[in-house]
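*Asks:*
Residue numbers (the numbering used here), protein chains in the order written: chain A, 3 to 319; chain B, 3 to 319; chain C, 3 to 319.
#1: Write down the C-beta distance between residue 279 of chain C and residue 265 of chain C rounded to the nearest angstrom, noting that I regard them as a contact closer than 8 Å.
#2: So residue 240 of chain A contacts chain B; which residues on that side make the cut at Cβ distance below 7 Å?
#3: Using a cut-off of 8 Å between C-beta atoms, extract the partners of residue 305 of chain A located in chain C.
#4: Nearest chain C C-beta to residue 164 of chain B closer than 9 Å, yes or no?
#5: Apart from the five residues on each side of it in sequence, which residues of its chain come closer than 7 Å, Cβ to Cβ, to residue 130 of chain A?
#6: Would residue 230 of chain B pass as an interface residue toward chain A - the criterion being a Cβ-Cβ separation below 9 Å?
#7: Output needed in chain order: residues of the region 87-100 of chain A with a Cβ under 8 Å from some Cβ in chain C.
#8: Quickly, what does DSSP pair residue 60 of chain A with across the bridge? List them, please.
#9: Could one say the Cβ of residue 301 of chain B lies closer than 9 Å to chain A's Cβ atoms, at least one of them?
#10: Short check: CB of residue 154 of chain A to CB of residue 167 of chain A, under 9 Å?
#11: When the Cα atoms are used, what is the spatial distance from residue 160 of chain A to residue 216 of chain A?
#12: Whose CA, out of A:120, A:33, A:40, lies closest to the CA of residue 179 of chain A?
#13: Which of the residues in the region 208-221 of chain C, read from start to end, lie with their CB under 8 Å from any CB of chain A?
#14: Would you mind sorting residue 37 of chain A into buried or exposed? The rule is 16 or more other CB atoms within 10 Å of its CB.
#15: So which residues on chain B does residue 321 of chain A lean against when the C-beta distance must stay under 7 Å?
#16: Do residue 192 of chain C and residue 93 of chain C have their C-beta atoms within less than 9 Å of each other?
#17: Using alpha carbons as the reference points, say which of B:183, B:156, B:212, B:141 lies closest to residue 165 of chain B.
#18: Buried or exposed for residue 220 of chain B, please, with buried defined as at least 16 other CB atoms from any protein chain shown within 10 angstroms of its CB.
#19: Where DSSP assigns a beta bridge to residue 84 of chain B, which residues make up the other side?
#20: How about residue 199 of chain C: is its C-beta nearer than 9 Å to some C-beta of chain A?
#21: Between which residues of its own chain and residue 78 of chain B is the CB-CB distance below 8 Å, once the five residues before and five after are set aside?
#22: Does the Cβ-Cβ distance between residue 209 of chain C and residue 173 of chain C come in under 9 Å?
#23: Is any beta-carbon of chain A found at less than 9 Å from that of residue 128 of chain B?
#24: Hey, would you say residue 53 of chain C sits closer than 9 Å to residue 72 of chain C, going by beta carbons?
#25: Kindly list the residues whose CB is nearer than 7 Å to the CB of residue 86 of chain C, restricted to its own chain and excluding five residues on each side of it in sequence; keep chain order.
#26: Tell whether a beta-carbon distance below 9 Å holds between residue 246 of chain C and residue 269 of chain C.
#27: Leaving out five residues before and five after residue 89 of chain C in sequence, what residues of the same chain have Cβ atoms less than 8 Å from its Cβ?
#28: Using the beta-carbon of each residue, which ones in chain C are nearer than 7 Å to residue 248 of chain A?
#29: Smallest Cα separation from residue 101 of chain B: which of B:291, B:120, B:95?
#30: Where does residue 3 of chain B land, buried or exposed, given buried means 16+ other C-beta within 10 angstroms?
#31: Nearest-angstrom Cα distance between residue 133 of chain A and residue 259 of chain C?
#32: Just how far apart, CA to CA, sit residue 267 of chain A and residue 228 of chain C?
#33: So residue 128 of chain B and residue 68 of chain C are supposed to be a Cβ contact under 8 Å. How far apart are they, rounded?
#34: For residue 118 of chain C and residue 144 of chain C, what's the separation of their Cα atoms in angstroms?
#35: If the cut is a Cβ gap below 8 Å, which residues of chain B does residue 298 of chain C touch?
Here it is as structure tokens:
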């Protein structure tokens, strides 16, 4: 159990209030009374005044918005201090104190595969050679992990999922705070990955765990090989992502979105259900309506084709 | 052994004819008398009338073209029904009834590497820690599988091939049929991958197995890291593919093709021998002559350079 | 120990001089008196006349520039002959004669992880299931190798580095000489990879070993998932590389360079410290000043935005 005292000491901050126990870091919006939060981007200031967090890292300038009942952890660099604190909440990668894994009836675990302590594997699963299931992860029924798949700790994988070789579920999202000298301080990624039922992921894809909360691949989505899904993304039901495409952190795809090969999105976007993106589309802002898009910057695919025709004429002129 | 009866039951189809034994699904063109096929794309209707398949999934509209001696499996959604049937032909991923693997003289298999039952490894091979060779796969002589390589079942790897760590040979091609509700039904990929002699593949590349038949990398081809080869591709002799490039399903490269970094092709294309593609080329139609190409859409590389010069002038105007 | 005699025999070359012992192949500039070198690209001819190499592969036309004390290995195809010779210097992948690995105090090595003979692991490291550390590699203190990481032989990994699952450190650089018939002859990559302290690399990235010398990732650099680093690159301190980006061989990034998602560089470039590249930038020449760049071909990012605005107008016209 981490106390607020320990956190403050780790970060070199003094505060007024109780040395209460803290379970996790979370966003201002989602934090409960046993969690801490932070305000970095001023656009979330409204969330500060309504947060339920036990304590919040804030700058002097925003400290006045901290609501009653929440402790202000005041610092010049609140984001950096949150990063320092995040390490305290990282679970052990190897925890021998957890109970032996539970393997469901009829499930096969290859002799060189490893299911870590605290993990639960449902019935009828196949876990092939060299595959790894981390601590406290849960696999549903009839899940197939092909050889050399890695599932990090605390992942949840639904029934009938198929994960092909080399794919990594739950590696750390790419998150750092930066010092004034340009060094990077790791923000420990203490969220997880959830794959709903009937998801299939090809080989050597990477699905990053959330910083807080979950990265979620919804029911029936199909991902090809060498795909990158950033932390805290949500991939809609029955979406199709073709090889070498990428979705940057915190982007949400609606249901039945189709992303062509080598296409990619920026982070923090919302993509309408049934939107389709041609190969190598570059999506840098929200897509509000279904349609067929292409190009970088993104436009309607038929516009992109017209533009290419115009450029061909320009070339001849 | 699967009978036509079982297939029809799995798909909810009734038919007239014998409950003959079926070995596999195949294309209309390649199917033999102990295989079944399907007609989805009307452009293959000529192949229907000459097919030798034992039975064919067809729609009511095309059933009249089914030749004598071939049984019509009539359904509104013949492609979807083929997908449902494909599962019946998927081999067991773990088959303890197969004979112990055969390891050739002078070959090294690391203690944590696994060569599955039914596989055959030639002489002088090195199979490093954590590498996996699936059931019934065959390695020639002097093959090197670096640590944590995965070779799926039924793959064939020629003499002197070198496969670097994390690369996956024979994971499932990305193939699905779609229901009217937008769900995806897996088409089991029951073909394989063949690497001819003297192929080298870098690390974390992915070579998908064929849906029917083989994905083939021909003699002396050299592939870099993080490359995607879709199902049923053929990569010509001595071709060179630079890192992060991709070849979509059913595309054929002639010999000595060079694909630059992050370049890619669409599917079902034919690329002329000795064609060269600059980094990040996007190839969306057949390339009939050798030359140096670039851009997306693709053009001659010197045209692409001219276009960029024109755009630079446009920018200044 | 390889003698010049063996090398000459392997390459079918005759020469005048002693059968001296040779330790390695190196560049003209860096080769010492117990190494051999080669001249392929005429732009390095000045380096030939000052080389300290014991012997040099040269063509008849350049043989006159070989300095006294250096033996000329004259051949029509000096680069091809260097490639043939490189195989002689490749170390055994599995060498049982090396001493047992040394594992530092408090370090955890999972039962299915492998640390090869001759390797040294510092204190407080965590090497998870299926990870592999090759012969003679050295890990500093508090290094984390997540499950199924591969570290090839002779790599050096600094203190506090974190390597995520599926990432491959030290696979062969992509280097071949070509015969007149268009076949490719492997240039064995006998250099290594060095990660300085506090480097973090995401999942399924690939860092190629140098052909000679070292590929180097400098202190505090942070790399995301599915990133390609070619042989002999140098990635500057505190640089940030976002997912699916690539750096081609022999390119040097200064400190605190930022490369956006899916961006890439050509080979043999020098990139100024603090330069930033937008997602999908394509860098094909040296970048001499810090700034924010984008596009392919590369330009200042604000120019790229202006160009896109002009193209949008062109489309409407």
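Glycine residues also receive a C-beta, built at the ideal position from the N, C-alpha and C atoms.
*Replies:* Result, derived from the coordinates:
#1: Position 277 of the third chain, counted from the start, is the residue given in the question as residue 279 of chain C. Position 263 of the third chain, counted from the start, is the residue given in the question as residue 265 of chain C. About 5 Å separates the two Cβ atoms, so the contact holds.
#2: Within the first chain, residue 240 of chain A is the residue found at index 238, counting from 1. Near residue 240 of chain A (Cβ distances below 7 Å), the residues of chain B are 184, 185, 186.
#3: The sequence position of residue 305 of chain A within the first chain is 303, counting from 1. Residues of chain C passing the Cβ test: 317.
#4: Position 162 of the second chain, counted from the first residue, corresponds to residue 164 of chain B. Yes, contact with chain C.
#5: Here residue 130 of chain A is taken as the residue at index 128 of the first chain, counted from 1. Answer for residue 130 of chain A: 112, 115, 147, 148, 149, listed in chain order.
#6: Looking up residue 230 of chain B in the second chain gives position 228. For residue 230 of chain B, the answer is yes, since a Cβ of chain A falls inside 9 Å of its Cβ.
#7: 95, 96
#8: Locating residue 60 of chain A in the first chain gives position 58, where the first residue counts as 1. Answer is A:76.
#9: Indexing the second chain from 1 puts residue 301 of chain B at position 299. Residue 301 of chain B counts as touching chain A.
#10: On the first chain, residue 154 of chain A is found 152 positions in, with the first residue counted as 1. On the first chain, residue 167 of chain A is found 165 positions in, with the first residue counted as 1. Cβ distance not < 9 Å, so residue 154 of chain A and residue 167 of chain A don't count as in contact.
#11: On the first chain, position 158 is the one that residue 160 of chain A refers to. On the first chain, position 214 is the one that residue 216 of chain A refers to. Their backbone Cα atoms lie some 14 Å apart in a straight line.
#12: For the purposes of this step, residue 179 of chain A is taken as the residue at position 177 of the first chain. Looking at the Cα atoms, A:40 is the closest of the given residues.
#13: none
#14: Against the first chain, residue 37 of chain A aligns to sequence position 35. Buried is the call here.
#15: There is simply no residue 321 of chain A to check, as chain A begins at 3 and stops at 319 in what is shown.
#16: Locating residue 192 of chain C in the third chain gives position 190, counting from the first residue. Locating residue 93 of chain C in the third chain gives position 91, counting from the first residue. Their beta carbons are under 9 Å apart, which means residue 192 of chain C touches residue 93 of chain C by this criterion.
#17: Translated into the one-based positions of the second chain, residue 165 of chain B becomes position 163. Ranking B:183, B:156, B:212, B:141 by Cα distance to residue 165 of chain B puts B:141 first.
#18: Stepping through the second chain from its first residue, residue 220 of chain B is reached at position 218. Under this definition residue 220 of chain B is a buried residue.
#19: The count along the second chain starts at 1 and reaches residue 84 of chain B at position 82. Per DSSP, residue 84 of chain B has no beta bridge partner at all.
#20: Locating residue 199 of chain C in the third chain gives position 197, where the first residue counts as 1. So no, residue 199 of chain C is outside the interface.
#21: In the second chain, the residue the question calls residue 78 of chain B occupies position 76. Same-chain partners within the cutoff: 61, 62.
#22: On the third chain, position 207 is the one that residue 209 of chain C refers to. On the third chain, position 171 is the one that residue 173 of chain C refers to. It is a contact, given that the beta carbons lie within the stated cut-off.
#23: Looking up residue 128 of chain B in the second chain gives position 126. So no, residue 128 of chain B is outside the interface.
#24: Position 51 of the third chain, counted from the start, is the residue given in the question as residue 53 of chain C. Position 70 of the third chain, counted from the start, is the residue given in the question as residue 72 of chain C. Against a cut-off of 9 Å, the Cβ pair of residue 72 of chain C and residue 53 of chain C comes out as a contact.
#25: Counting from 1 along the third chain, the entry for residue 86 of chain C is found at position 84. So the qualifying residues of the chain are 12, 13, 187.
#26: Indexing the third chain from 1 puts residue 246 of chain C at position 244. Indexing the third chain from 1 puts residue 269 of chain C at position 267. Taking 9 Å as the Cβ cut-off, residue 246 of chain C and residue 269 of chain C do not qualify as a contacting pair.
#27: Working through the third chain from its first residue, we reach residue 89 of chain C at position 87. 12, 188, 190, listed in sequence order.
#28: If you number the first chain from 1, residue 248 of chain A lands on position 246. Those are 245, 246, 263, 264, listed as they occur along chain C.
#29: Numbered from 1 along the second chain, position 99 holds the residue referred to as residue 101 of chain B. It is B:120 whose Cα lies nearest to the Cα of residue 101 of chain B.
#30: The residue labelled residue 3 of chain B in the question sits at position 1 within the second chain. With fewer than 16 other beta carbons inside 10 angstroms of its own, residue 3 of chain B counts as exposed.
#31: One-based indexing of the first chain puts residue 133 of chain A at position 131. One-based indexing of the third chain puts residue 259 of chain C at position 257. For residue 133 of chain A and residue 259 of chain C, the distance between alpha carbons rounds to 35 Å.
#32: Translated into positions along the first chain, residue 267 of chain A becomes position 265. Translated into positions along the third chain, residue 228 of chain C becomes position 226. Roughly 16 Å separates the two Cα atoms.
#33: Taking the second chain and counting its residues from 1, one reaches residue 128 of chain B at position 126. Taking the third chain and counting its residues from 1, one reaches residue 68 of chain C at position 66. About 38 Å separates the two Cβ atoms, so there is no contact after all.
#34: Stepping through the third chain from its first residue, residue 118 of chain C is reached at position 116. Stepping through the third chain from its first residue, residue 144 of chain C is reached at position 142. One Cα belongs to residue 118 of chain C, the other to residue 144 of chain C, and the distance between them is close to 19 Å.
#35: Within the third chain, the letter at position 296 stands for residue 298 of chain C. Those are 282, listed as they occur along chain B.
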